[in-house]
Amino acid sequence: MSLYVSDPDEIARRIIEETGGRIVLGLPLGLGKAPHIANALFEHARRDRAISLSIFTALTLEPPALGSELERRFLEPVFERTMGGYPAFAYAKAQREDDLPPNIVVNEFFFQAGSRLGNAAAQRSYISINYTHAMRALIDQGVNVIAQIVARRRESFSLSCNTDMTLDLLAARDAGKADFLLVGQVNDELPFMTGPAELPAERFAMVLDSAETRFPLFGPPKQPVSPAQHAIGMHVASLVPDGGSLQIGIGEIGDAVAHSLILRHEEPTRFDAVLDSLTTAGIKRPSIESGRFETGLYAPTEMLVDGFLELLRAGILRREVEAAVLHGGFFIGPRAFYRALREMDEDMRARIHMREISWINALYGEEEAKREARVGARFVNSAMMVTLLGATISDGLEDGRVVSGVGGQYNFVAQALELEGARSVITLAATRQHDGELRSNIVWSYGHETIPRHLRDVVVTEYGIADLRGQSDEEVVRRLIAVADSRFQDALLDAAREAGKLDPDCSPPEAQRRNLPEQLASALPLANFPPYPSGTDFTPVEQMLLPALTSLAGAARHPAALAATMARGLAAGTLSVEEDAALARMGLSEPHGVRERSYRALVIGALRTISEAPYSR
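Numbering (our numbering), first residue to last: 8 to 624.
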């Protein structure tokens, strides 16, 4: 029988009593953590050094740190709308300030991307592990408490956003392989997901249920989809067979893939025309998939992202497996996404099943049924870089610092190679800005790898698809150079030739020498490929400001470019209504002092520059 408690401090005291003061606390990845319980345990351990508290978790959600004054003026109101009211985690603050007491240990196996690069304590305590193996590590550490937010419906509870490891851990407990207290914290904003996510009250040792401990869910705002990302989405959509299976991850490329799949389904002729204009002659790729989805797709996906709701509404996501069109392990998204799930028709929501991560990310366990269900699988994951021999860099830097984590990427790459007819699709933009300098994301070599080159399969950039499976090293080099940015092709060719991996006389055909941002301009009309294809939390004024402020951030490392932008703003003359609104939003309508006048000029100058290229490439 569950014990219902309204005070998190009381729950903490009871947990300490039940465990004898040695607590190994498992907090779910991402959204599912129970913050009031975690913070109460942390404060007890901080005050009483006789208590041992070890926290094992991943993806602690926090608003990004703000840098410049302009960044603060722009983002603070956005963060308040989208993440305001979400409790801060005491352990994260102490770790960030290198102030963890000696009796408290925090281990994470996945970071919010880039959030811990400068945090030495977090880097030292990071555990590198596949998502499917994280449960084993937690059991090995002796987990004795799991604290998770849950949705409540009378005397039933739903694990909602995080069935991922909790269901696996409960199965281990039932089998006598683990012994822990499952403690829930009720949150009314969580959608009540049925199916495997629904648990009876007796599965919980204690439940925190109080109006004082309710909080709005963390809802990061959606970022704009760039032309390069839309082009990647188009290429990926041309790889997905009707009647197949699909996994996509969070972020702009996932949004672009969903948008392109809907375009293909609803306007197949337009889809074919755009794809044709994006396709470079001579690139060897898998066969093109096009046309409407008559059978529909099924999604065995690590993460339920809002793009899948768009596919469900469009009638694309409809092939059922075990009464579900989607099996997911966890979800995070904008607050509108949580609301859409809560308000969704019950029958439709019942077709989304949240399940164990071991069931989704691996074939072992019910393997025959999974193989039958996951036909035509396309597992789409993003990378930071790819080497010219086909290795993938997704989680860390060559100096050892961790950007995010391996998560489930290896799991899906392995599945793709083990399932007949499946493909692993690694996506990345061909270039990035780093410290104000343009760099290639296709590199000759790198001092760290997430996925080794012997698992290479399909790589997609905005310039096309490189089918690497079963190819020789020389052919892999050729195919990756064919989808690299042309400004970096010569250096890549030289490196490959010097290493003896490429015939000295080899050179890409002329058609592949035009891989430049300008070629995307005519192929991706703004009307069909908007920056926010599925909506945004940014207001219209903020949507106008965002690219301007992004360009300013890039110019900040180049004094001449920054001076030119300021000069343009100072000489602007009469302002438009939109520019006046933008200045008002930034609190710069009536600047005071030299600093604010400089900010005002910079904003105006950046707005004028961006207005000449409204869909920045």
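Just so it is clear, CB atoms sit at the ideal spot from N, CA and C, and this is done for glycine as well.
Can residue i and residue j be called in contact, C-beta distance under 8 Å?
i                 : j              : result
isoleucine 22     : leucine 60     : no
proline 35        : aspartate 171  : yes
methionine 361    : leucine 319    : no
glycine 33        : valine 150     : yes
phenylalanine 117 : serine 411     : yes
valine 243        : valine 467     : yes
methionine 213    : serine 165     : no
threonine 394     : tryptophan 451 : yes
serine 167        : alanine 204    : yes
alanine 182       : glutamine 254  : no
arginine 476      : leucine 246    : no
leucine 224       : glutamate 196  : yes
phenylalanine 86  : threonine 67   : no
glycine 561       : isoleucine 339 : no
glutamate 300     : threonine 308  : Before going further, note that residue 300 is phenylalanine rather than glutamate in the sequence given. No; because the gap between Cβ atoms is not below 8 Å, this pair is not in contact.
alanine 331       : isoleucine 359 : yes
valine 484        : leucine 462    : no
serine 132        : asparagine 114 : yes
glycine 383       : methionine 310 : no
alanine 65        : isoleucine 44  : no
Who are residue i's beta bridge partners in DSSP?
i                : result
valine 150       : In DSSP, valine 150 forms no bridge with anything.
threonine 546    : According to DSSP, threonine 546 bridges with nothing at all.
threonine 399    : Val393, Ile458
proline 207      : Ser163
phenylalanine 63 : Gly33, Asn114
serine 252       : Tyr305, Ala384
glutamine 155    : Lys40, Gly191
methionine 142   : In DSSP, methionine 142 forms no bridge with anything.
asparagine 169   : Phe337
tyrosine 11      : Val214
So, is residue i buried or exposed, given that buried needs 16 or more other C-beta atoms within 10 angstroms?
i             : result
cysteine 513  : exposed
tyrosine 371  : exposed
aspartate 262 : buried
lysine 291    : exposed
leucine 590   : buried
serine 529    : exposed
threonine 139 : buried
glycine 27    : exposed
glycine 443   : exposed
glutamate 353 : exposed
leucine 533   : exposed
leucine 10    : exposed
glutamate 427 : exposed
aspartate 474 : buried
aspartate 501 : exposed
valine 157    : buried
glutamate 219 : exposed
glutamine 440 : exposed
glutamate 363 : buried
alanine 127   : exposed
arginine 486  : buried
proline 207   : exposed
lysine 184    : exposed
Measure the alpha-carbon distance for residue i versus residue j and round it to whole angstroms.
i                 : j                 : result
proline 511       : isoleucine 488    : 15 Å
arginine 624      : alanine 436       : Because arginine 624 carries a pLDDT of 40, less than 50, the predicted location of this residue cannot be relied on, and no value is offered for it.
alanine 343       : phenylalanine 211 : 29 Å
valine 465        : alanine 421       : 13 Å
glutamate 425     : arginine 602      : 60 Å
alanine 555       : alanine 357       : 43 Å
glutamine 550     : arginine 271      : 27 Å
alanine 321       : proline 109       : 53 Å
arginine 277      : isoleucine 269    : 11 Å
glycine 221       : valine 190        : Just to set this straight, residue 221 is arginine in the shown sequence, not glycine. In a straight line, the C-alpha of arginine 221 is about 15 Å away from that of valine 190.
glycine 39        : glycine 407       : 28 Å
arginine 615      : threonine 302     : 48 Å
arginine 160      : serine 493        : 57 Å
alanine 588       : glutamine 496     : 43 Å
phenylalanine 536 : serine 389        : 20 Å
arginine 564      : glycine 240       : 31 Å
phenylalanine 386 : asparagine 418    : 10 Å
Any beta-carbon of chain C closer than 8 Å to the one on residue i?
i            : result
arginine 160 : Considering every chain present, this structure includes no chain C. It has just one protein chain.
Going along the chain, which unbroken runs of the beta strand (DSSP E) with 3 or more residues stay wholly within the region 427 to 509?
-> 430 to 434, 438 to 441, 444 to 447, 465 to 468, 471 to 474
Considering only residues of the region 326 to 404, which uninterrupted beta strand (DSSP E) runs meet the minimum length of 3 residues and lie entirely inside it, listed in chain order?
-> 333 to 338, 359 to 361, 384 to 389, 392 to 394
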